Structure formats: structure tokens, C-alpha cells
Amino acid sequence: NKGEFFAFKDPYGIRPLCAGNDEEGKIYAFSSETVGFDINGLKLNFELEPGELVLASEEGFKREKLVENGRAFCAFEFAYFARPDSKFNGKFVYEIREEFGRNLARENQDLVKDADIIISMPETGNDAAYGLHEETGLRWERATRRHRFVTERAFILLPHERYKTIDKKINILADKVKGKRVIIIDDSIVRGDTTRVVVEKLRRIGAKKVYVFITFPRIIGPCFYGIDMATYGELIGSKHTPEEIAKIVGADAVRYQSIESFVKATGLKREELCLGCITRKYPTQLAQKLADEMYERFLKGHKETGRIYEVADISGKVARSLSSSKR
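Just so we're aligned: 58 in this note's numbering is position 57 of the sequence shown, and the numbers increase by one with no gaps anywhere.
Here you go:
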């Protein structure tokens, strides 16, 4: 009734949240990403701090820090989740992804020297491909095209739906890759399904060699903060080395960007990022305990796969265990 509303950012700032307004100071808004303001004729005012409560009213924004914690911003936002035209800490996401590509070039000069062309997985691989092209001088062929009417995202689909969707979604121009030694660059490998399908297509249309470059370091642990990577069993990187993954997906090599290079490109310090899925070190106590217990079960051969809500029973057991330990 007062014409006020508020926003609160989680105590570790794992997810992005920012505040903006119009030039006249008549409209105030919150958005997870800055692009939300751009497309609505607004401007960014500030990014909320971890644990910060912000009240918006006719007088503007009133800010109050309710929780004092260290920042643990989700690293996966930079590689995959965020829009390339959004800004984090004053840097466009696409610029950070271009740097990822340059880093991969520097770290894998042996494969760069053996390659003829670069292609990318649309859309999140495109900016990294440009950076790789800039650093190496190799031609970036826009030979992969996304079917714009296939809107499902394979990453979040159920397993039985995933292969068919990937096969329909990505078209590769055979004339551009036949007889070529190809570097294909993508944002991440989670389960390996997309990579396997795309490499198989490249082989089928006559690629001479296929080198897979991945901007996000190898995923070895689940996410408990909103990304659909719930268990160790579904993650190809938790069970296999890069060399083994290359054999599984049918590539001549699979190379990941190093964690050190990734962190440097983001402009944040290592301790300001949540790197749980690539280090198995999580910023919150419950997530760490859950991850440790699930990993112990995984090593003993327990096969737990599925989404967070599908493995909720084990989550509940760990949560109750953690609660009991505090008493």
C-alpha cells in the first residue's frame, strides 16, 4: 500500500542481483542481470552486495547490509548461465568469454598448431571462439548453426529427451569441415551428451581431426545452488580424466581451461567465487556436508542420478544430520 518493494541478495551473493532506475527517477527496478535494464530503457544503479537488503520507494533506494559474509559468486554464470551482453563488476560477460578463448589458445599451443579451423557451439561458445581466433590467427568458421525453432535446452532436459533434441538443434555445415582438423569450442561438459553427439556428427561429415576446447574447468561435483547438476553419478568429469572423456565422446583430445586462468579472466579473486562444482569445496556448510557424504557413497558404488528433487531423500538425511550436530 505504500508503493514500496524490496529485494534481498543471498548472504554469499551466489546469484547476481542488481538495482536500476530511469533517468527521471520515477521508475525503480531489480534485475538478476544488467541486460534487464538495457532492454527496458533503464540504467544500472548498483549491484547488490551479498546479504544486502534494498528498499525501493518514491525517494529512491535505501540500502542496508543485514548479513556479513564473504562473496561466493557462481563461477558458472561467466561460462554459461549469464547473457553475454550483461555486465558483472563492470565487465561485459562476452569480454570475459573472449578471454577464456585466448587462455585456451595459450594453454594448448600443441593442438592449435595442428588445427586448420575453429568452430563453436552456439551460442555460448561463440565469444570464446572469437578470442581463440584473435590469439591464434586460425580461421573461425561459422559452421555450426542452431535451429531457432528447437527451443529446448539440452542441459536441463531429462536423459531420454536429450539426445534427440541435440541432434535436431545443431546443424553443422559439412562443406566447411570436411577434411579439416577442427577445434570446436564450447562452454562446458556436464554429462557429455551434447559433446558426444556433435563429435559424432563431425566425424560423419568428414572432419579429419576433432579437438574439443572447453572454457569451464572440468566439472567434478554437483551443484546445490540452482544449476541442474545434482549428483556425482551423472557428471562425466567426476568419473573420468580428460583423456578418458576424449575417448568416450570420440574426440582426438578434450582440453579444459585451467582454474587459475578462468579465475583471472573473471576479474574476481578465487575466494570471491563459488567453485564447488570444479573443486568440491563449497561456500556453505550444508552443501559441503552433503557433497562429502554423497561423494563417499559415490566412491562405494552407489548409483544416485537425477535432479535435486529426485535425490531429496539423501539431502534430507544429511540436513537432519547437520541439524543434529549443531545441538
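Heads up, the beta-carbon is just placed ideally off N, CA and C, and yes, glycines get one too. Here the structure is a predicted model, which means the values were calculated and not measured.
Could you tell me if residue i is buried or exposed, where buried requires 16 or more neighbouring beta carbons within 10 angstroms of its beta carbon?
i	result
K66	exposed
F6	exposed
L276	buried
G91	exposed
K181	buried
G138	exposed
M230	buried
L133	buried
R207	First, the residue type needs correcting, since residue 207 is Gly and not Arg in the sequence shown. The residue in question, G207, is exposed, as its Cβ has fewer than 16 Cβ neighbours within 10 Å.
L274	buried
L300	exposed
F79	buried
F89	buried
G302	exposed
Could you say which of the options lies nearest to residue i if we only look at CA atoms?
i	options	result
A247	M230, K169 and R219	R219
I171	A254, E297, E124 and R298	E124
T242	T137, R271, T232 and G193	G193
D176	P223, Y131, D188 and I118	I118
G26	E59, E305, G52 and V36	E59
G4	G52, G61, L133 and L18	G61
S239	Y296, L269 and L287	Y296
S87	R281, Y95 and A80	Y95
E136	E108, I260 and A144	E108
R146	G126, A116, H134 and R140	G126
K202	F89, I173 and I190	I173
K148	E142, W141, I167 and R140	Contrary to the premise, residue 148 reads as His rather than Lys in this sequence. If we check each option's Cα against that of H148, I167 comes out closest.
E53	F47, D11, E24 and V36	D11
R205	P223, G222 and K179	K179
L56	Y29, P223 and G207	Y29
E244	L291, F214, T195 and E305	F214
Y81	P284, G302, S189 and Y226	S189
T285	F79, L300, A254 and F225	F225
F93	A288, K63 and V36	V36
E100	Q289, Y283, K301 and G268	G268
G254	Y283, R281, K282 and L112	With the sequence shown as reference, residue 254 is identified as Ala, and Gly is not the correct amino acid for it. For the residues Y283, R281, K282 and L112, the minimum Cα distance to A254 belongs to L112.
A144	I185, A106 and K209	I185
My output table needs one value for residue i: the three-state DSSP class, helix, strand or coil.
i	result
N41	coil
E407	The shown model of the chain, from 2 to 328, leaves out residue 407, and the question about it has no answer.
N22	strand
K265	helix
G102	helix
I157	Since pLDDT at I157 reaches only 49, below the 50 mark, its modelled position is unreliable, and the value read off the structure follows with that caveat. If DSSP states are grouped into helix, strand and coil, I157 belongs with the helices.
E34	coil
E48	strand
L287	helix
K301	coil
C278	helix
R204	helix
Y13	coil
K3	coil
R140	strand
Y131	helix
D229	coil
T166	helix
L236	coil
P243	helix
E111	Checking the sequence, you will find Asp at residue 111 rather than Glu. DSSP places D111 in helix when its eight states are reduced to three.
R197	helix
I260	helix
V191	coil
Does the distance from the C-beta atom of residue i to that of residue j stay below 7 angstroms?
i	j	result
A252	V211	yes
F38	L45	yes
T216	A129	yes
I237	F77	no
A1	F31	The displayed coordinates of the chain run from 2 to 328. Any statement about residue 1 would go beyond what the structure contains.
I279	V183	no
N41	S262	no
R271	V264	yes
Y1	N70	Since the displayed the chain opens at 2 and closes at 328, residue 1 lies outside it and no answer follows.
R197	V250	yes
P17	E34	yes
A266	I15	no
G234	E305	yes
A116	G222	no
D23	M122	no
In terms of DSSP beta bridges, what is residue i paired with?
i	result
T145	I173
Y212	I184 and A254
S330	No answer is possible for residue 330: it lies beyond the span of the chain, which begins at 2 and ends at 328.
V1	Coverage of the chain is limited to positions 2 through 328, which leaves residue 1 absent and any answer about it impossible.
F89	K92
C75	C275
Y29	N22
Using a Cβ cut-off of 7 angstroms (strictly closer), state whether residue i contacts chain B.
i	result
P223	In the structure shown, chain B cannot be found, because there is only a single protein chain.
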